[in-house]
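Please read the structure below before turning to the comments.
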Amino acid sequence: MTGNPAIRILQALTRYSETGEGDIRPLTGEGYGYSRLRVGEYRVILNAGSQEITILRIRHRSDVYR
Numbered sequence: 017m018t019g020n021p022a023i024r025i026l027q028a029l030t031r032y033s034e035t036g037e038g039d040i041r042p043l044t045g046e047g048y049g050y051s052r053l054r055v056g057e058y059r060v061i062l063n064a065g066s067q068e069i070t071i072l073r074i075r076h077r078s079d080v081y082r
């Protein structure tokens, strides 16, 4: 994937909030209750409620689960 990662992440979050589509999976273990949205080499850890999305962290895949 090329381009600015921040723009791609924002586009992926917008798409997910509008359609529910995206490479998203629930986390287990310490991350239980949160989900991860995969955007290229970046991961967005979030909690999606019925009216809002709470973002816990956005990091490169090598650092996000530490």
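My numbering puts the first residue of the sequence shown at 17, with every later residue one more than the last.
C-beta atoms are modelled at their ideal positions from N, C-alpha and C, and glycine is treated no differently.
Here the structure is a predicted model, which is why all the values come from computation and not from measurement.
Environment of residue i [buried if 16+ CB atoms lie within 10 Å]
{"i": "residue 58", "result": "buried"}
{"i": "residue 22", "result": "exposed"}
Inter-residue spacing [alpha-carbon to alpha-carbon] between residue i and residue j
{"i": "residue 81", "j": "residue 41", "result": "14 Å"}
{"i": "residue 54", "j": "residue 19", "result": "16 Å"}
{"i": "residue 45", "j": "residue 61", "result": "14 Å"}
{"i": "residue 49", "j": "residue 71", "result": "12 Å"}
{"i": "residue 30", "j": "residue 36", "result": "9 Å"}
{"i": "residue 34", "j": "residue 77", "result": "24 Å"}
Spatial neighbours of residue i in its chain, beta-carbon cut-off 8 Å, leaving aside the 5 residues before and after
{"i": "residue 32", "result": "38, 40, 53, 64, 69"}
{"i": "residue 25", "result": "55, 58, 60, 74"}
Opening and closing residue of the beta strand (DSSP E) in which residue i lies
{"i": "residue 53", "result": "51–55"}
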